[in-house]
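Accompanying notes for the structure given below.
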Amino acid sequence: MESTESANSSEGVLYFAYGSNLSPTQMQARCPLSSPIGLAHLPGWTWLINERGYANIAHYQNPIPSSPSNSSPPYFLDPSLKAAEERFRAAQIQRKHDEEKGEHGVATNPNEKESEGSDVRGKEGVYGILYRMHPDDEYTLDRLEVVPWVYERVLVNVTRVSAPTAKTMCEDETGDPLKKAKKTEEVQAYAYVDFSKTLSTVAKGEYVDRMNRGISEAMDQWGLPQSYVDAVMRHFVPAVGGEEKGKAARDEEDDAGWSENEMIS
7 MESTESANSS EGVLYFAYGS NLSPTQMQAR CPLSSPIGLA HLPGWTWLIN
57 ERGYANIAHY QNPIPSSPSN SSPPYFLDPS LKAAEERFRA AQIQRKHDEE
107 KGEHGVATNP NEKESEGSDV RGKEGVYGIL YRMHPDDEYT LDRLEVVPWV
157 YERVLVNVTR VSAPTAKTMC EDETGDPLKK AKKTEEVQAY AYVDFSKTLS
207 TVAKGEYVDR MNRGISEAMD QWGLPQSYVD AVMRHFVPAV GGEEKGKAAR
257 DEEDDAGWSE NEMIS
């Protein structure tokens with residue numbers, strides 16, 4: 007495999023979007039100086055809607071500690087973020103406690119196989135869209151993601167994926183487009199992670215609409231796999247109203263612009 011490209015290359019920082027920023031339309035409104043560059047896959051993490059009602063990812067290959075560890079999690083963007091590390095450890099300990107007591111929703115640790123669906127979610131990893139970020143847009147996005155009070159910026163290694171889209175597939179092609187996908191290069195990108203909220207719940211009403219726009223656009227434009235959407239995302243984000251109704255609603259939203267109340271993820 008080729009050498010890993012840095013998120014801080016001379017061409018601009020790479021951002022890995024996995025929530026409603028899967029939508030290039032939303033990102034264009036929020037970060038007009040930045041551009042989507044393609045589909046990417048993040049192994050070793052799982053996708054969920056957390057207690058806040060927004061998208062999050064959890065590093066499922068890391069066991070939940072029974073007591074604070076002396077070693078730092080390997081995926082902080084800046085190892086000097088001691089406060090973030092302490093919040094991470096405290097949240098993981100609380101999560102273990104809550105799971106043992108059966109409180110605060112469904113546990114999302116795929117190491118504990120609760121059902122066929124949760125096991126699939128763990129094995130899938132996370133698919134997202136890579137954006138090449140302009141420095142001015144980085145500041146804007148940090149503010150929208152409420153860094154560092156809600157989300158932390160985390161450096162992750164992702165693999166770029168070239169997948170067929172609705173526009174590139176022939177009408178008579180059938181089967182899973184994921185089987186036709188090709189992994190190309192490994193790159194470093196930053197993602198937003200909420201370490202304090204890692205239990206699964208349902209998405210907020212307005213967020214369901216934005217997530218469905220992101221899913222639809224990512225599938226059409228970048229080949230986000232339908233099998234991944236069905237096995238992972240649809241456990242949390244229902245396809246409400248059908249695609250035609252969703253498209254009409256998205257067209258109306260595009261005319262009206264975006265609201266700063268729609269901030270997170």
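The working numbering puts the sequence shown at residues 7 to 271.
Each residue gets a CB set at the ideal place from its N, CA and C atoms; glycine is no exception.
- Counted as a single uninterrupted DSSP element, the stretch harbouring W228 is not any beta strand (DSSP E) but the alpha helix (DSSP H) occupying residues 211-228.
- The Cβ neighbour count for P141, taken over all protein chains shown within 10 Å, is under 16; the residue is labelled exposed.
- Bounds of the beta strand (DSSP E) holding A64 are 61-64.
- Counting of Cβ neighbours within 10 angstroms places R149 among the exposed residues, the total staying below 16.
- The residue from G25, L20, E17, V19 with its alpha-carbon nearest to that of E151 is G25.
- Closest in C-alpha terms to W51, from the list Y66, L39, L45, comes Y66.
- DSSP lists E158 as the bridge partner or partners of V199.
- For A245, the three-state secondary structure derived from DSSP is coil.
- Only exposed fits E212, as fewer than 16 other CB atoms lie within 10 angstroms of its CB.
- By the neighbour-count criterion, in which 16 or more other beta carbons inside 10 Å mark a residue as buried, D215 falls on the buried side.
- If you draw a straight line from the Cα of A46 to the Cα of H103, it is about 34 angstroms long.
- Here E130 is buried, its C-beta having at least 16 other C-beta atoms within 10 Å.
- DSSP lists R138 as the beta-bridge partner residues of S41.
- In this structure, I55 places its C-beta atom within 8 angstroms of the C-beta atom of V208.
- With a cutoff of 8 angstroms on beta-carbon distance, Y60 and Y196 are scored as not near each other.
- H47 has Y133, T165 as its beta-bridge partners, per DSSP.
- In the same chain as G44, and ignoring 5 residues on each side of it, the C-beta atoms closer than 7 angstroms to its own belong to L136, R166, W228, in chain order.
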